[in-house]
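Input: a single structure, listed below in structure tokens.
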Amino acid sequence: MENSVRRRVGLRAESVMELFVYLSGWSAILFVFGIFFFIVREGAPFLVHELDLGEFFSSPNWRPDSEVRQQFGIYALLAGTLSVTALAMLLSVPLGLGAAIYISEFCDGVTKESLKIVLELLAAIPSVVWGFIGYMVMNPIIIWATGAPVGVNVLNGGIILALMSVPIIVSVGEDALKAVPDSFREAAVALGATRWQLIYRVLLPAARNGLLAAVLLGVGRAIGETMAVLMATGHSVQIPSGILDPVRTLTATIAAELGETVEGESHYQALFVIGTVLMLIAMAVNITADLVVKGIRSEERS
């Protein structure tokens, strides 16, 4: 009798846990669609009645407060976002993957744990503190080193975003390398491979899906960052001609201007359209990554 009761209780508990896991999985999808619906709803009147797609994506003029003629061109904002993100990835991907390889394959004991703690501390630093570092520390250093008139520019924002992205890339990249079976390492060593040959001929190909995920998480971190780029890039609406030019990003524009707009006005709705563009960019990055990973897996199977 007791065994049957326990069995029934166990089955009910298992059913409850299965339902909880099922709902948790679907809740993530519902939350994403809910956020997307909210952003599109707020910007829908501007999107349907006032938006000129040609001007919106090709004009560098962002003058939403003009009393003569309001202009809503995000070309310069897109250029600023992509330039800062590209520079950040150019710096953070080699550094992050190199650090992940070092921690995974060359470190042990106290050194490994110490580096992990430092990376966790870096990841825990608030973005506004990174912005202060960019403005108060990197700004004079860039002026001194390059002779630029101002030190808040693409270079400053790229360096700060790279430092913010590195902990994520290192953490996910190290997990991907640790997930490679030890039999791969043993087989490579048995065949006479050196440590470097083991890394770039065995470990990197075997962990490329996880490493790609690490890089894409870093890209998402850089594209979605707000306060740090608001303080470190100069907040100037222009198309950059070099890494020493001040720029303004899409996220910084929303953060700086949303509090100054009146709900329901064209300016307010245009900012939500920018948010929709950011959501679509993030979705495009994730879909591209998914297609690349599936293509890699199909190549491995064939």
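The sequence shown lines up with residues 1 to 302 when you count with the numbering used here.
Glycine residues also receive a C-beta, built at the ideal position from the N, C-alpha and C atoms.
Predicted, not measured: the structure shown is a model, and the values here were computed from it.
In chain order, what residues of the same chain have a beta carbon less than 6 angstroms from the beta carbon of residue i, not counting five sequence neighbours either side?
i, result
"residue 253", "77"
"residue 323", "In this structure the chain extends from 1 to 302, so residue 323 is not present and cannot be described."
"residue 58", "75"
"residue 251", "226"
"residue 81", "249, 250"
How many angstroms separate the CA atom of residue i from the CA atom of residue j?
i, j, result
"residue 136", "residue 79", "25 angstroms"
"residue 201", "residue 191", "12 angstroms"
"residue 131", "residue 170", "22 angstroms"
"residue 266", "residue 179", "50 angstroms"
"residue 281", "residue 214", "18 angstroms"
"residue 73", "residue 172", "37 angstroms"
"residue 98", "residue 194", "17 angstroms"
"residue 66", "residue 28", "40 angstroms"
"residue 289", "residue 89", "15 angstroms"
"residue 16", "residue 33", "26 angstroms"
"residue 23", "residue 31", "12 angstroms"
"residue 242", "residue 143", "15 angstroms"
"residue 287", "residue 186", "35 angstroms"
"residue 133", "residue 117", "21 angstroms"
"residue 108", "residue 260", "52 angstroms"
"residue 69", "residue 62", "11 angstroms"
"residue 12", "residue 19", "11 angstroms"
"residue 264", "residue 238", "27 angstroms"
Is the separation between the beta-carbon of residue i and that of residue j shorter than 9 angstroms?
i, j, result
"residue 216", "residue 285", "yes"
"residue 278", "residue 224", "yes"
"residue 75", "residue 60", "yes"
"residue 105", "residue 211", "no"
"residue 139", "residue 128", "no"
"residue 157", "residue 95", "no"
"residue 25", "residue 272", "no"
"residue 103", "residue 115", "yes"
"residue 276", "residue 39", "yes"
"residue 270", "residue 37", "no"
Leaving out five residues on either side along the sequence, give the residues of the same chain with a beta carbon under 7 angstroms from the beta carbon of residue i.
i, result
"residue 182", "none"
"residue 220", "282, 285"
"residue 56", "72, 73, 74"
"residue 50", "266"
"residue 21", "none"
"residue 159", "91, 138"
"residue 206", "180, 184"
Less than 8 angstroms between the CB atoms is what I'm expecting for residue i and residue j, so what's the real figure, rounded?
i, j, result
"residue 338", "residue 84", "Given that the chain is displayed from residue 1 to residue 302, the structure contains no residue 338 and the question cannot be resolved."
"residue 256", "residue 235", "7 angstroms"
"residue 177", "residue 189", "Contact flag wrong, Cβ pair sits at about 16 angstroms."
"residue 232", "residue 110", "The pair is not a contact, with the Cβ atoms about 34 angstroms apart (cut-off 8 angstroms)."
"residue 148", "residue 244", "4 angstroms"
"residue 174", "residue 123", "With 8 angstroms as the limit, residue 174 and residue 123 do not qualify as a contact, their Cβ atoms being about 13 angstroms apart."
Could you name the residues of the same chain whose beta carbon sits closer than 8 angstroms to that of residue i, not counting the 5 residues immediately before and after it, in chain order?
i, result
"residue 92", "161, 162, 163, 165, 166, 169, 218, 222"
"residue 258", "268, 271"
"residue 35", "279"
Examine chain C for any beta-carbon lying closer than 9 angstroms to the beta-carbon of residue i, and answer yes or no.
i, result
"residue 173", "Judged by its chain identifiers, the structure shown contains no chain C, having just a single protein chain."
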